[in-house]
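To keep things clear, I will list the structure first and then write my remarks on it.
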Amino acid sequence: MERHHKRFGAATLSLVSLMDIFTILVFFLLVNSSEVQQIPNAKAIRLPESITEQKPKETLVVLVSKDQIIVKGEPVVRVSDVLNSQARTIPQLASVLNRQAALTWDKEKLEDIDGTEITLMGDREIPYQLLEKILATMSETPYKTIYFAVNKKPQESS
């Protein structure tokens, strides 16, 4: 063993190779970390649970809490006002959604029969009447593909 060390000398560590490896690792992590889309986190909203495998897309998010409907962080209308109304749709929500669609999409996309995408993030305790009015309102705007935000429920192992 001594003869081997005398003949080849002390082992050296090449920092250039090490830096290359760490650079590649950093780029790999940056690229893969941006793949997962986060939906807004609202502490007041308890989402329904699902075993879905589909990842959330980056769309306009409508938050529906027990008290109000919020679009892009701005309160649109109170839930109590919507439930007390006899209207089939929610004019305030339709106005905000149409304005957001006009700012985000071009005219051709807005007139497309498939429309654009939107995510509904609603508390699991919201009444069905409210959900029905929100969906009816969304169907009258350019937002035709509606996603429901849910918490991923862990699958039970057999």
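FYI, this note's numbering numbers position 96 of the sequence shown as 120, with every residue one higher than the one before it. Built from N, CA and C at the ideal position, the CB exists for glycine as well.
Ranking Tyr-152, Pro-151, Ile-158 by CA distance to the CA of Leu-144 puts Ile-158 first.
Take the alpha-carbon of Phe-46 and the one of Ser-89: they are about 44 angstroms apart. Taking one beta carbon from each stretch, the segment 98-112 and the segment 46-55 have fewer than 3 pairs nearer than 8 angstroms; the two do not touch. Considering only Val-101, Ala-125, Lys-96, Glu-82, the residue with the shortest C-alpha distance to Glu-164 is Ala-125. If you check the CB distance, Val-85 and Gln-92 do not come in under 8 angstroms. Pro-166 has no beta-bridge partner at all, per DSSP. Contact between Ile-150 and Tyr-167 does not hold, since their C-beta atoms are separated by about 18 angstroms, which reaches or exceeds 8 angstroms. Residue state for Glu-149 is assigned as coil, using DSSP reduced to three classes.
Buried is the label assigned to Gly-146, since at least 16 other Cβ atoms lie within 10 Å of its Cβ. In this model, Leu-37 and Val-50 are separated by some 21 angstroms (Cα to Cα).
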